[in-house]
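Each remark here refers to the structure printed beneath this line.
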Amino acid sequence: MGKKARDIVKVDIQDLLKDLNSLYADEWIAFYYYTWAAGFVEGPSYPPIASEIEKISKDEFEHMSELSDRIYELGGEPERNLENLQKIANCKKITFPADERDLESVIDALAEAEACAIEGYNKLLLKLSSCYSKDVRTFHLVQHILSEEIEHEEAFENLLEKKKQ
Ligand SMILES: [Fe+2]
Ligand SMILES: [Fe+2]
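Here the sequence shown is numbered in the numbering used here, starting from 4 and rising by one per residue.
Below is the structure:
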């Protein structure tokens, strides 16, 4: 990050980097599980569900990359060890049903994962909101990602509603 850009950040950068790295880990884990789930689902109504999961997995990959850019800008480094990602993540695991045709349980697990992401981003946003002007760029990035996580949860809940009809 440029000198001036670093100068205008008036929060505890090490603490912020720790939070951003946990969210970065969450995004990798979500991307992994969603990609896996898109391949796992089966049954007559699976094509629209698989494509929705795949579409959202791409958003998670984008979030990971946006967080990575911000971590570098702040002078940090995104977690480089794969085995540490799960240790530092807020949302560590998604448990899917044993039966790939149990689409309701798959979507339920995904909606729960989104709820965890919403909680994580909201927590950081609340932390930053008391000092909004002290790191405007991170604030807006977290706000942007939170909005997309809210849309994801809604998308999965809508799929669940459709399945129940
Ligand atoms: Fe995400
Ligand atoms: Fe999401």
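Yeah, the Cβ is synthetic: ideal placement off N, Cα and C, and Gly gets one too.
Less than 8 Å between the CB atoms is what I'm expecting for residue i and residue j, so what's the real figure, rounded?
i	j	result
H155	E107	That belief does not hold up - the Cβ atoms of H155 and E107 are roughly 17 Å apart, past 8 Å.
M67	Y27	6 Å
G78	I16	7 Å
L129	D138	Actually they are not in contact, since the Cβ atoms of L129 and D138 sit about 14 Å apart, beyond 8 Å.
L163	V145	Rounded, the Cβ-Cβ distance is 27 Å, inconsistent with contact.
S74	L149	Looking at the sequence itself, residue 74 is Ile, so the reference to Ser does not match. The Cβ separation is near 17 Å, so there is no contact.
E69	A8	That pair is no contact at about 16 Å.
F43	E103	5 Å
Can you tell me whether residue i is buried or exposed, with buried defined as 16 or more other CB within 10 angstroms of its CB?
i	result
E63	buried
S2	Because the chain here runs from 4 to 168, residue 2 falls outside it and cannot be looked at.
G5	exposed
P81	buried
R83	exposed
C134	exposed
E152	buried
G123	buried
A92	buried
T141	buried
A120	buried
S25	buried
S60	buried
A101	exposed
Got a sec, what are the start and stop residues for the alpha helix (DSSP H) residue i sits in?
i	result
D102	From DSSP, D102 is part of no alpha helix (DSSP H); its letter is neither H nor E.
I52	Y49 to E76
V14	Here V14 belongs to no alpha helix (DSSP H), and DSSP marks it neither H nor E.
E157	V139 to K167
E82	First-last for E82: undefined, no H or E at that position.
Indicate whether at least one CB of chain B lies closer than 8 Å to the CB of residue i.
i	result
I97	Here chain B cannot be found, since the structure has a single protein chain.
Can at least three beta-carbon pairs, one atom from the segment 147-165 and one from the segment 52-60, be found at a separation below 8 Å?
yes
Does the contact criterion of 3 or more C-beta pairs under 8 Å hold for the segment 81-93 versus the segment 19-34?
At 8 Å Cβ cutoff, the stretches touch.
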